[in-house]
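Colleague: Numbering (the working numbering), first residue to last: 265 to 521. C-beta atoms are modelled at their ideal positions from N, C-alpha and C, and glycine is treated no differently. Got a structure for you, questions after.
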């Protein structure tokens, strides 16, 4: 008989060892998958955030045109106040009114986000245009809304409402024509990028809740106090300095007459 010391190890020990190794590999696989998903989601944020910054800096130099865009139908505006908006312009107005909660003002106040408790919620297509134009008539407040927007706190329900608008082919920046083309292009770029960021943050929240992403990392991404676009502008230094005191046209608003 062979010596007992030469007997092979009991089968169950080998099985247990293989099981442990397989478990470790599975655990590592889950970890790698979560890290990969986290990395991909963060990478996806970079391009739309950069687009928000680029368009916001461009809009800062277009405050006169922004205000005029909001005043077209007032007083002696186009066709005695009757303005025909293209579908592309309507989509932009809807996107901003929904995203920032702009309302149709009935008491003479402008529709900036700080007064959303006043006025009525837009329902008809023309309501969204009126609410949006009310915000445009205060361009510096409007640009501050854009600078301060935190895409990570936009509710998922609002994101789902905005997506078909922002992804509509007629909201492509190249669709605009006329004297306000440049302003509308930048407004469309910012809106589409903001909705894309909000969608990605919504995915991050869903992944964290389902365990597909580390919760602590998700919290760090979702709980930022400062907006991504403001943080990126500050990181750019003087080359990308956003000055909320800068006004186009030599620091003077256009005459009301």
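Going by CA-CA distance only, name the one from 486, 467 and 453 that's closest to residue 323.
Modeller: For residue 323, the nearest C-alpha among the options comes from 453.
Colleague: Are residue 409 and residue 364 close, meaning C-beta to C-beta below 8 Å?
Modeller: Contact: yes.
Colleague: Extract the residue ranges of the alpha helix (DSSP H) inside the segment 396-480, only unbroken runs of 4 or more that lie entirely within it.
Modeller: Complete alpha helix (DSSP H) runs here, min 4: 403-412, 420-430 and 445-473.
Colleague: Are the Cβ atoms of residue 352 and residue 440 separated by less than 8 Å?
Modeller: Taking 8 Å as the Cβ cut-off, residue 352 and residue 440 qualify as a contacting pair.
Colleague: If I follow the unbroken alpha helix (DSSP H) through residue 497, where does it start and stop?
Modeller: Counting along the chain, the alpha helix (DSSP H) containing residue 497 begins and ends at 492-499.
Colleague: Please confirm whether residue 355 and residue 424 have their CB atoms less than 8 Å apart.
Modeller: Result no, Cβ atoms of residue 355 and residue 424 do not sit closer than 8 Å.
Colleague: Measure the C-alpha to C-alpha separation of residue 357 and residue 437 and round it to an integer number of angstroms.
Modeller: So the two alpha carbons sit approximately 14 Å from each other.
Colleague: If I follow the unbroken alpha helix (DSSP H) through residue 327, where does it start and stop?
Modeller: Its alpha helix (DSSP H) spans residues 327-334.
Colleague: Tell me which residue opens and which closes the alpha helix (DSSP H) that residue 368 is part of.
Modeller: Counting along the chain, residue 368 falls outside any alpha helix (DSSP H), and DSSP gives it neither H nor E.
Colleague: From the DSSP output, which residues share a beta bridge with residue 384?
Modeller: In the DSSP output, where bridge partners are listed per residue, residue 384 has 368.
Colleague: What residues in its chain sit with their C-beta under 6 Å from that of residue 411, if we drop five residues either side in the sequence?
Modeller: Cβ neighbours of residue 411 beyond the five flanking positions: 494.
Colleague: Just to confirm, is the Cβ distance from residue 415 to residue 462 under 8 Å?
Modeller: Against a cut-off of 8 Å, the Cβ pair of residue 462 and residue 415 comes out as a contact.
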